[in-house]
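Heads up, the thing below is written out as structure tokens.
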Amino acid sequence: MANIFAFAESRSGELRKVALENVTAARNLADATGGQVHALLVGAPGIAAKAAQLGAHGADVVMVCEHDAFTQYNPEATAALAADRIKAGGFRAALFNTSAQGRDLAPRVAAKLRIGLVTDVTSVELTGDALTAKHPINIGKVIATVTIAGTPAIVSLRPNTYAPVPNAKAGTIEMVAPIGDPSASRVVVKELVTGSTGKLDLAEAPVIVAGGRGLKAAENFKLVEDLADAFGNAAVGATRAVTDDGWRPHADQIGQTGRLVSPDLYVAVGISGAVQHLAGMRTSKTIVAINKDKEAPIFKVADYGIVGDVFEVMPALTAAVREARKGH
Amino acid sequence: MKIAVCIKRVPDMDVRFRIAADGTSLDETGIKFDLNDFDAWAVEAALQLKEKAGSGEVVVLSLGPTAVQETLRKALSMGADKAIHLQADKIPFDGFAIASAIAAELKDGAYDLILFGKLSPDSSNGVTGAIVAELLDLPCVTAISKLDVADGRGTAKRELEGAQEIVEFPLPAVLTIDEGLNTARYPSLKGIMAAKKKPLESKPAALGDASVNVSQLEMPPERAAGRIVGEGAGAVPELIRLLQTEAKVL
Amino acid sequence: MASGQALRVVPSEHQPPLPAELILREPLDAEAVPMDVVFVGGGPAGLAGAIELSRLINKDTEDGGTLGETQIAVLEKSSALGEHSLSGAVVNPRAFRELFPDLTDSDFPFRGPVTNERVYFMTEGRAIRIPTPPTMQNHGHFIGSLSEMVRWLGEKAEGMGVNVFTGFPVASLVMDGEQVIGVRTTPSGLGRDGKPGSGFTPPTDISARVTVLSEGTRGALAQAYMNEADITSENPQIFALGVKEIWETKKPLDAIVHTLGWPVPNDGFGGTFMYPLTPNLVAVGIVVGMDYRQTTLDVHELLQKLKTKSPFRDYLEGGEMIEWGAKTIPEGGYFGLPKRRHGEGVMIVGDSAGFVEVASLKGIHYAMQSGMFAARAIFDALKKDDVCANTMARYDALVNASYIVSDLKERRNMRLAFQNAGLYRGGIKATLMTLTKGAFPGGKIDSESDAEVSRLVTPDQPFTPDGKLTFSKLDANFKSGNATRDTIPSHLVIGKDITPEVAKLYAHMCPAGVYELGDNGRLIVNQANCIDCKATDVIGPRWTPREGESGPKYRLM
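Protein chains in written order, with our numbering: chain A, 135 to 462; chain B, 93 to 342; chain C, 2 to 558.
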């Protein structure tokens with residue numbers, strides 16, 4: 135029997151999607167050995183109300199720590215509490231996320247426990263005494279199988295690899311006290327700036343709609359933006375040819391000299407599929423390509439392709455996606 | 093202002109990697125190595141802080157085989173004052189083992205700041221800086237894209253998913269550097285000439301115990317061939333159906 | 002245009018002059034880095050020169066001489082040595098042997114000796130094995146990668162105390178009167194608008210008593226200096242464009258292979274090669290004279306088509322293309338040589354001077370040897386503390402008395418025979434020349450520069466790459482390792498009256514996909530794709546030195 139610890143990330147009093155992913159992954163590991171999932175949720179007073187969602191996704195126990203000093207992410211106090219709970223609970227493994235918060239938190243916790251860890255994990259497995267994890271290295275060009283000896287094994291999961299699965303468990307709330315005074319942390323988040331960009335970040339967006347030179351002109355990028363808007367959770371990307379021509383800022387460029395992305399869904403609009411671009415998006419889970427040239431290399435990597443004029447297909451697709459997402 | 097910058101020699105990522113015969117490491121034949129980009133931004137940040145303060149010392153540190161001295165020379169040619177090479181035939185995968193050696197070296201150095209890049213693209217863990225901070229019991233802010241330091245305190249910005257955090261911290265501290273903080277300077281000709289005469293100390297690394305190890309490397313699977321759903325706008329309904337029922341992304 | 006008259010393009014009518022900024026007549030910056038000898042370009046010529054000079058000085062110092070403090074610099078534009086070096090290559094080892102008398106052939110950075118060789122005459126339908134022409138026999142030569150040779154030479158040079166600066170292109174030659182007094186590097190960190198951006202590094206001036214132009218093929222500074230100093234040649238220098246790929250093959254190759262004929266058009270000059278670096282690591286390439294007569298001739302595409310035919314396909318199919326590159330080659334031979342290769346405080350060596358012998362497809366050993374001759378002349382000048390043109394002239398005397406000039410002279414008209422004759426008549430003439438050791442036909446065949454050759458406007462040749470055996474230019478470019486920052490100002494100077502036909506000529510001329518014909522009939526310039534092959538500078542927009550570390554990153558070329 136192996137009990138699994140899952141850190142449940144929140145921001146501004148709301149659970150992050152990765153918290154549910156984490157509980158789901160922990161549930162898988164625990165079920166393999168008949169163990170339990172214990173989640174840790176920290177936040178401002180009132181955060182306990184969110185514990186039910188963790189229970190609904192497989193947490194047997196939700197440890198909750200409420201304190202005003204947890205209104206914003208409090209790295210030092212959160213790490214101290216997590217390390218203390220992991221040690222006290224005798225967990226086989228402790229799961230974090232390779233999100234902005236998790237990247238910060240997991241190594242602090244590991245260091246407090248004087249052990250190593252592996253981050254950005256795409257799958258994790260307990261076999262006998264060993265915990266093994268898949269961890270992409272060299273920008274995803276090679277996959278390492280990493281073995282963690284000893285207990286607890288600290289692992290942080292790549293976002294969007296474990297889809298949250300409802301799996302109702304008790305979710306018993308266990309209120310826990312912080313370690314020391316969380317108000318005394320040396321590192322303090324003074325301010326959380328949200329909505330300043332109003333744009334989803336390419337690296338984190340579950341859906342990316344990207345446009346290429348097949349759009350013919352800068353103003354036609356509206357077609358790409360409209361589809362992204364219809365998805366509601368999509369970011370807009372572009373090829374090098376497009377950013378070179380100044381249709382989009384260079385920050386939007388996906389590919390060799392730009393960003394490497396792996397969203398759940400990647401829609402390539404009027405992109406022929408130069409190797410540079412393919413290198414940047416080939417690890418996307420599902421790829422859709424719309425291009426008038428049926429010989430375009432993008433169709434070799436696309437799961438689903440539509441051969442056709444983007445100016446005809448895009449409005450139809452945007453309307454259909456809006457219809458499909460009604461009620462979301 | 094005395095600043096340490098921990099830097100790593102990393103392979104050029106624009107190549108197709110090959111797995112070596114042992115199955116757990118990569119064949120380095122013909123691969124070019126250079127200073128990690130994130131670490132270059134950390135070096136640049138340190139140089140700018142020193143220049144702004146008007147005085148100080150920037151010490152660069154790297155762990156690994158003798159070849160990392162080349163990387164240290166590059167940082168010296170950018171303007172760092174002194175270099176420390178911690179000798180290790182192979183860089184362990186376990187960030188705790190690495191961080192232990194770095195912390196042991198920096199412990200008594202009286203540094204105001206210890207900087208790291210936020211990640212190296214080869215091992216892709218991004219944990220060393222935060223672990224060093226814990227081992228030295230120093231405040232730590234990771235993945236910063238903006239930094240102001242004055243009167244013994246600092247303010248930094250961290251990029252989150254769709255938001256930003258403004259973080260305050262006292263010095264001495266450990267910071268890890270994200271993209272966007274600065275653009276690293278190129279070593280100048282004069283800098284390269286000067287670097288040849290700067291001190292570079294080499295000593296064995298006191299690596300910590302490694303509990304995390306690579307047991308196997310493999311190439312990612314090639315994508316299965318896709319299919320053309322249809323032609324023109326008429327194919328849209330079928331695409332929507334596939335996205336909903338087969339790919340389950342809508 | 003009158004009906005019935007074929008539309009033609011003469012590239013020189015659209016080509017701008019060399020940019021004036023390549024020569025600066027102003028004092029060096031007060032903070033200039035002081036060097037004694039600067040080699041501009043870290044290829045085989047520059048590095049062999051630096052090594053030879055360093056050795057002579059070290060020996061002199063041991064013997065009690067006073068030149069021990071002499072500072073030698075090699076300035077190279079690529080981010081690491083060898084990354085901009087490309088050749089076939091089958092190498093004559095004699096310059097290596099002379100430069101490293103204590104080493105043996107097995108110490109040199111070659112992949113192996115030539116054991117077998119095969120020559121084919123190709124048509125589109127078949128390849129016919131023919132006897133190896135005498136000029137193409139390679140017994141005693143070695144197969145290698147120039148990138149690897151250059152990296153090896155660089156390590157030797159650094160080990161001897163030479164300052165090798167990579168990532169520092171030279172933008173200008175600085176002159177005072179007739180005297181070359183140093184160089185100025187390019188700035189880096191400019192934005193697309195040409196204004197300093199973040200990470201801006203201003204140019205650096207370097208003073209030098211002697212500047213050696215070892216820029217390689219179609220050197221910008223060498224051209225500018227020769228214009229400035231009014232140095233002419235009997236015939237204009239002419240060039241060929243080579244496009245090359247490295248393949249990992251399933252089927253081992255046991256011989257070096259050359260072909261003549263298809264896919265080079267009958268009125269063009271060129272050939273192809275396939276060399277095993279190891280039995281399953283194969284270099285394949287094509288070389289075509291840039292005096293070709295059709296606007297849509299496309300050397301990259303010719304290579305792609307070549308690979309679909311036996312014997313190439315037999316080896317490459319099922320393998321993987323791992324590297325791609327291109328480079329021009331000076332082919333003017335003896336009559337294309339500048340009448341002098343030196344001036345006050347300056348020398349021109351290697352490909353920049355045109356030391357390539359076309360019939361045997363060789364240039365590396367001439368490049369190295371010329372660098373070594375330059376070093377010997379410089380050493381004497383430094384000993385005498387006199388770097389005027391008279392002491393520099395010893396370099397030309399050494400070259401003229403050597404095998405470099407005698408080899409080129411013997412085959413002085415071989416390439417030129419093809420310019421107006423095409424393959425068959427040209428081939429017959431060339432054979433007679435070989436038999437008579439250059440005495441036939443006597444005198445010299447006059448030639449025009451490549452840019453002056455009129456091209457017939459021809460339709461596009463259909464070409465659809467399969468991404469396995471054949472590749473588009475963009476995919477190929479990716480395999481060159483080119484990751485040039487895409488926000489630097491364009492380093493290509495476009496000329497005037499760029500009609501759609503001219504734009505098409507450029508699009509096909511450039512193997513790297515720098516030029517495209519836009520939907521509106523305008524020329525699109527993707528300058529970041531440029532891999533410094535210099536073909537553009539020969540018949541199209543002018544190439545100028547750009548930010549350091551730009552361009553390809555060859556490993557095995």
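A virtual CB, placed ideally from N, CA and C, is assigned to each residue, including glycine. Only a predicted model underlies this, so the values are computations on that prediction, with no experimental measurement involved.
* Out of B:Phe125, B:Gln336, B:Ser169, point me to the one whose CA is closest to Pro279 (chain B)'s CA. => B:Ser169
* For chain B, find out if any of its Cβ atoms is closer than 8 Å to the Cβ of Ser257 (chain A); answer yes or no. => no
* Using a Cβ-Cβ cut-off of 8 Å, state whether Lys303 (chain A) counts as contacting chain C. => no
* Measuring alpha carbon to alpha carbon, tell me which of C:Thr500, C:Tyr121, C:Val526 ends up nearest Pro134 (chain C). => C:Tyr121
* Say yes only if the C-beta of Thr202 (chain C) is nearer than 7 Å to one or more non-hydrogen atoms of the ligand ADP, and no if none qualify. => No copy of the ligand ADP appears in this structure; indeed no ligand is present at all.
* **DSSP-derived helix/strand/coil call for Glu246 (chain C)** => strand
* **Collapsed DSSP secondary structure at Ser491 (chain C) in the structure displayed** => coil
* Asked: On the premise that Leu139 (chain B) lies in contact with Val150 (chain B), defined as a C-beta separation below 8 Å, what is that separation, rounded to the nearest angstrom?
  -> 6 Å
* If you draw a straight line from the C-alpha of Ser154 (chain B) to the C-alpha of Leu291 (chain A), how long is it? -> 28 Å
* Who are the near neighbours of Tyr276 (chain C) in its chain, counting only those whose CB is closer than 6 Å to its CB and skipping five residues on each side? -> Ile144, Ile257, Ala284
* Can you tell me which of the three DSSP states Phe109 (chain B) falls into? => coil
* Identify each residue in the segment 323-334 of chain B for which the Cβ-Cβ distance to at least one residue of chain A is less than 8 Å, and report them in chain order. => Glu323, Gly324, Ala325, Ala327, Val328, Pro329, Leu331, Ile332, Leu334
* To do: Measuring only between beta-carbons, confirm whether Pro340 (chain A) sits less than 8 Å from chain C.
  => no
* 8 Å Cβ cutoff, Arg456 (chain A) in contact with chain B -> no
* Would you call Lys324 (chain A) buried or exposed, if buried means 16 or more other Cβ atoms sit within 10 Å of its Cβ? -> exposed
* To do: Can you grab the Cα-Cα spacing for the pair Ala287 (chain A) / Asn274 (chain B), in whole Å?
  => 36 Å
* Asked: What number of angstroms, rounded off, separates the C-alpha of Glu310 (chain B) from the C-alpha of Gly549 (chain C)?
  -> 36 Å
* Asked: Going by the beta-carbon positions, is the gap between Leu82 (chain C) and Val151 (chain C) smaller than 8 Å?
  -> yes
* Asked: Just the Cα atoms here: how many angstroms apart are Gly332 (chain A) and Phe204 (chain A)?
  -> Reliability fails at Gly332 (chain A), whose pLDDT of 48 lies under 50, so the model's placement of it is uncertain and the value that follows must be treated cautiously. Spanning the two alpha carbons is a distance of roughly 25 Å.
* Where do the N-terminal and C-terminal ends of the beta strand (DSSP E) with Lys328 (chain C) fall, by residue? -> 321-331
* To do: Starting from the beta carbon of His269 (chain A), find every residue of chain C whose beta carbon is closer than 7 Å, and list them in chain order.
  => Within 7 Å Cβ-Cβ: nothing; His269 (chain A) doesn't reach chain C, min ~26 Å.
* Asked: By the 10 Å Cβ neighbour count, where 16 or more other Cβ atoms means buried, how is Ile405 (chain C) classified, buried or exposed?
  -> buried
* Residues of the segment 185-218 of chain C with Cβ closer than 8 Å to any Cβ of chain B, in chain order -> Thr186, Ser189, Gly190, Gly198, Ser199, Gly200, Thr202, Thr205, Ile207
* To do: Using three-state DSSP, classify Ser371 (chain C) as helix, strand or coil.
  => helix
* Asked: Based on the DSSP output, what are the partners of Lys126 (chain B) in its beta bridges?
  -> Note that residue 126 (chain B) is Asp in the sequence shown here, rather than Lys. For Asp126 (chain B), which the question treats as bridged, DSSP gives the partners B:Val102.
* Asked: For the alpha helix (DSSP H) that contains Leu451 (chain A), what are its first and last residues?
  -> 444-458
* **Chain-order list of residues whose beta-carbon lies under 6 Å from that of Leu304 (chain C) (same chain, five-residue window excluded)** => Val244, Ile287
* Report the residue from B:Arg319, B:Leu267, B:Ile95 whose alpha carbon sits nearest the alpha carbon of Ile236 (chain B). => B:Leu267
* Closest to Pro188 (chain C) by CA distance: which of C:His492, C:Ala536, C:Tyr507 is it? -> C:His492
* State the start and end residues of the unbroken beta strand (DSSP E) segment that holds Thr233 (chain C). => From DSSP, Thr233 (chain C) is part of no beta strand (DSSP E); its letter is neither H nor E.
* Does any residue of chain A bring its CB to less than 8 Å from the CB of Asp476 (chain C)? -> yes
* Answer with yes or no whether the minimum CB distance from Asn272 (chain A) to chain B is below 8 Å. => yes
* Beta bridge counterpart(s) of Arg245 (chain B) as assigned by DSSP -> B:Ala242, B:Pro262
* **the segment 97-111 of chain B: positions lying closer than 9 Å to chain C by Cβ** => Asp104, Asp106, Val107, Arg108
* Measure the alpha-carbon distance for Phe270 (chain C) versus Gly198 (chain C) and round it to whole angstroms. => 45 Å
* Unbroken beta strand (DSSP E) run spanning Tyr400 (chain A), endpoints -> 399-403
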